[in-house]
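Numbering (my numbering), first residue to last: 170 to 1227.
Report on the following structure.
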């Protein structure tokens, strides 16, 4: 409507309303008939006021309260319709003046329960049966003068219905601070199709459920602002929870009536002169200050609610654009508020079910233009989540005109893998500008993120298909990332941070640090160090990239502009890492202060190359392919004194190689002697200047095992590990990236098999403990013994340091014969050994089920014993490759596991003599122990081709002798207590934990000798025994020490004599 006509048409009723204040007809009882203002009074027209005790309840179609005169309607009680179609709780006729105020309850409802035909516990559409039901409806040909005010409750159940419906011009405002809920297909919480001369202020919650249901739809021009300080939500489904049970989820998704889609939560389909504002109290608000208005929205900060928009389904949370018309949104204010759309609250959309897309905010794409003065400012959050479907945070569709997107918080899109359907190639997109849309400027202080989970998904933080995005100022984080849906699952999609390939006029990207990070409502701050993670793909225009702080990680395609057109500048200590490419010849590169780590081992044509005294220019070298990064510079190439050359290995270096890095007719080096070369520790490099060819060359050779300070085990695997690296680029990068020995060896040692022999040592120790148990005793009986054993090898002893721990149970039955005591024994021993020098969970376990025979004879004080046995052995192996960055974040995690069988054999022979000295006794003794362990071959799985090892079977043995003396005493009569102290020395005559022969997939076999302990060391043991002629109990502990090695055991033994 023409605004002057609108004003003129509204003037008459205003004058009439001001002429004579109206009396009020109060409804304070339970009324069952309609009422109208024109006939409410005894003498004619009066205001209608329903008190808190009053009600109007109808069951037939019609209007409960009609405003058809220059009067007002207020409801503090209840207005209700039950099961009536074509029902209006408060009907307002245009051409009059007044105010509609609801502080009570309005119910236009029905007695209806949706069906659940498949009995899955989820209601099916439709969610309502009746229709044409309204809470407040304003109709007529002429404007209504006054405001619609709701601070109470309006709930409507019905299709094609609305809680508040404005169908004629309103010379006033809409104020909603209560609660509005509608259920029904194509229904609305608040719906305007006619102009509003004031504003629409929403501080109360509004929800809509049903197919095509919309919480707030502005279809008529609004002269003021549309402000939201509470929630607006829609849901076409009957629930808002995704099942964690795959079969349940599949059943829901196979039922069309359970997959109905709602409309948007907030639709702006007409002009809004004062902008659209989702409010929230500014971060750091002082809630004791009742006057502060830091965000300048005209509302005291301490009372501001949070404007939230949420949608379950495919509809955008906020949709700006009109069907068949152009839409213009004015700025909300000036300065920081000079934007058509400001989001301080939150927009959250969730497709919920598989294959349902999600969009946070959509501007344009509806057929006409949608222009936002100043653009969009995000102070709050916008998010979109979908399962196996596209998710888009903010979409500028065709016809959308957004001068700037200013992000000060978080804009993100997420695609998740589903347990209920197959994987798809869906894409998560943070910001999408479609062809026909317009967004010239992106300013980012916060986070723009796209995350996709699954084997074939894609993630794009910013995509411009319109070619209009020409300027990007990044002081925050722009990130595209993929995540596997399951452990060890590969991800094969793209990660694109900035896709600007549609641009032909040129893009200027500047990344700088924000000196004053912004405080967020969560209490955190926007990033202090800016970053771009993901590929940056530029178009054919003259592109200029300035990375002046933080990091950029990912491929950087500078496009294909002609001579002298594009430029890359790195300063402020910034680091670029990725595949740098440019299809044209007009490309200038400057690294004044920072690092350019190019992973593209190909030739780039440059017009100039400048590296400052704090600059690092890193070249990718692929020895297997025989290629390296090379810059052919048509102009000057200069390196200041202090500049550094870096080398990034893409494959193993097995032979000496030379590469040309730079050619230039004006190659200027501060000094080749001062030109520093940063290389991975695995290689040794030198640069040289070829004056004749005007070229800078690089000589590379592999660092030898001697130069690396390797021991024999590390040396044995060197060639095999190097050859295996191309099979896994992530493992290869982890090994060849460190530039110091500690970092290199820290990764290298994780690639080695377990050769320390910890489980062998543990099994041998447990065997000796079991064989010790029957070495002394009475004339016959039975015994049982619990055993706990442990061993530790410190670093620096020629093998991997470890801690081993085990426990077990042994028992035996014995009989006295003419030859002495004969017995049979059985044992169960289990334990594990962990490498203490490596990160992650690296362990080997051994379980030995054994049995054997033994003999013991006595002659006076002389005691002689012997025994032998064997067992079945089961071993498990777990190796973990775990790499973390300086912040402790895991960057690489590989786990290889295997199982193997085996066997064991053991023997013992001992002699002792006990001399009784009254209540004391001495027992010198000596014994020989022998143990042999055969471990079967095994092949690891789970770690990948560059980490999994196949290990041949091996056999280890140990032979030792122990000489000691026991000091003991006797106390008591019926029960005799016998404390004992044993001290001695054990000598290992021969020890070999088994030679490990292993290979990576398809690689050469290498052999590592497992550490033996051919040495001697002192031992000691304490025990306390108690018994009589019937039983004997023993509790003891022992320890043995030698250089760098410590072992010990505990036992509890019970013996019955019979």
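Glycine included, C-beta positions come from ideal geometry on N, C-alpha and C.
Do residue 566 and residue 580 have their C-beta atoms closer together than 8 Å?
-> Taking 8 Å as the cut-off, the beta carbon of residue 566 is found no closer than this to the beta carbon of residue 580.
Would you decide whether residue 1150 is buried or exposed? Buried here means 16 or more other CB atoms lie within 10 Å of its CB.
-> Residue 1150 counts as exposed, since fewer than 16 other C-beta atoms from the protein chains shown sit within 10 angstroms of its C-beta.
Tell me the start and end of each unbroken beta strand (DSSP E) in the segment 364 to 418 that is at least 3 residues and wholly inside, in chain order.
-> Correct list: 369 to 371, 374 to 378, 383 to 387, 395 to 397, 400 to 404.
Minimum C-alpha distance to residue 1084 - residue among 1138, 1052, 1054 | Checked all of 1138, 1052, 1054; the closest Cα to residue 1084 is 1138.
Tell me residue 1188's beta-bridge partners as DSSP assigns them.
-> DSSP lists 1153, 1209 as partners of residue 1188.
Alpha carbon to alpha carbon, how far is residue 1108 from residue 1045?
-> Rounded to the nearest angstrom, the two C-alpha atoms are 11 Å apart.
Provide the residue span of the beta strand (DSSP E) that contains residue 831, from first to last.
-> Taken as a continuous stretch (DSSP letters only), the beta strand (DSSP E) holding residue 831 covers 826 to 832.
Helix, strand or coil: how does DSSP classify residue 663 here?
-> Residue 663: coil per DSSP, three-state reduction.
Does DSSP put residue 793 in a helix, in a strand, or in coil?
-> Correct three-state label for residue 793: coil.
Could you pull out every unbroken beta strand (DSSP E) segment of at least 3 residues lying fully inside the segment 273 to 348, listed in chain order?
-> Listed in chain order, the complete beta strand (DSSP E) runs (minimum 3 residues) inside the segment 273 to 348 are 274 to 278, 302 to 308, 317 to 319, 322 to 326, 331 to 335, 343 to 345.
Can you grab the Cα-Cα spacing for the pair residue 461 / residue 510, in whole Å?
-> Within the model, the alpha-carbon separation for residue 461 versus residue 510 is close to 23 Å.
Cut-off 8 Å between Cβ atoms - residues of its own chain near residue 523, not counting five sequence neighbours on either side | Within its own chain, the residues whose Cβ lies closer than 8 Å to the Cβ of residue 523, once the five positions on either side in sequence are excluded, are 418, 422, 556, 557, 558, 587, 589, 590, listed in chain order.
For residue 618, three-class secondary structure by DSSP | Residue 618 falls in the strand class under three-state DSSP.
Local Cβ density within 10 Å of residue 138, reported as buried at 16 or more and exposed below that | Outside the shown range of the chain (170 to 1227) lies residue 138, about which nothing can therefore be said.
Below 6 Å CB to CB, which residues in the same chain sit around residue 1048 once its five sequence neighbours on both sides are set aside?
-> Within the same chain, 1011, 1065 come within 6 Å of residue 1048 by CB-CB distance, once the 5 residues on both sides are set aside.
On the three-pair Cβ rule with 8 Å, is the segment 921 to 940 touching the segment 897 to 906?
-> No, they do not touch.
Following the continuous alpha helix (DSSP H) through residue 1228, name the residue where it begins and the one where it ends.
-> The structure shown does not extend to residue 1228, since the chain spans only 170 to 1227, so no value can be given for it.
How close, in whole Å, do the beta carbons of residue 320 and residue 303 come, if the pair is a contact with beta carbons under 8 Å?
-> That pair is no contact at about 19 Å.
Would you call the segment 1183 to 1199 and the segment 875 to 895 in contact, with 3 or more CB pairs under 8 Å?
-> Contact fails between the segment 1183 to 1199 and the segment 875 to 895, because fewer than three Cβ pairs, one in each stretch, are under 8 Å apart.
Classify residue 910 as helix, strand or coil using the three-state DSSP reduction.
-> Correct three-state label for residue 910: helix.
Which whole-angstrom value describes the C-beta separation of residue 681 and residue 634, a residue pair presumed to lie in contact below a C-beta threshold of 8 Å?
-> Contact doesn't hold; Cβ gap of about 27 Å is too wide.
Between residue 190 and residue 266, what straight-line distance do the alpha-carbon atoms span, to the nearest angstrom?
-> Note that residue 190 scores a pLDDT of 47, beneath 50, so its modelled location is shaky; the value from the coordinates is reported in the next line. One C-alpha to the other measures close to 12 Å.
Output the distance between the C-alpha atoms of residue 521 and residue 407, rounded to the nearest integer angstrom.
-> Cα to Cα, the separation comes out at about 12 Å.
Return the residue from the list 568, 773, 718 that minimises the CA-CA distance to residue 726.
-> Ranked by Cα distance from residue 726, the options 568, 773, 718 are led by 773.
Where DSSP assigns a beta bridge to residue 716, which residues make up the other side?
-> For residue 716, which the question treats as bridged, DSSP gives the partners 680, 739.
6 Å Cβ shell around residue 272 - same chain, five flanking residues per side excluded = Hits under 6 Å: 245, 320, 321.
Cα-Cα separation between residue 182 and residue 695, rounded to whole angstroms | Reliability of the predicted coordinates at residue 182 is poor, the pLDDT of 41 falling under 50, and no value is obtained from them.
Count the CB pairs spanning the segment 434 to 450 and the segment 334 to 351 that are closer than 8 Å, and state whether there are at least three.
-> By the C-beta criterion, the segment 434 to 450 is judged not to be in contact with the segment 334 to 351, since fewer than 3 inter-stretch pairs fall below 8 Å.
Exposure of residue 917, with buried meaning 16 or more beta-carbon neighbours within 10 Å | When all chains shown are included, residue 917 counts as buried.
On the DSSP bridge assignment, give the partners of residue 140 in chain order.
-> An answer regarding residue 140 cannot be provided, because it is not within the stretch 170 to 1227 covered by the chain.
In whole angstroms, what separates the C-alpha of residue 1216 from that of residue 973?
-> Taken atom to atom, the span from the alpha-carbon of residue 1216 to that of residue 973 is near 9 Å.
Alpha-carbon to alpha-carbon, residue 829 and residue 859 = In a straight line, the C-alpha of residue 859 is about 9 Å away from that of residue 829.
Comparing alpha-carbon positions, which option in 930, 883, 941 lies nearest residue 914?
-> Comparing Cα-Cα distances from residue 914 to each of 930, 883, 941, the minimum goes to 883.
Would you mind sorting residue 952 into buried or exposed? The rule is 16 or more other CB atoms within 10 Å of its CB.
-> Label assigned to residue 952: buried.
Spatial neighbours of residue 1092 in its chain, beta-carbon cut-off 6 Å, leaving aside the 5 residues before and after | Around residue 1092: 1081, 1083, 1135.
Where residue 398 falls, given that 16 or more other Cβ within 10 Å makes a residue buried = When all chains shown are included, residue 398 counts as buried.
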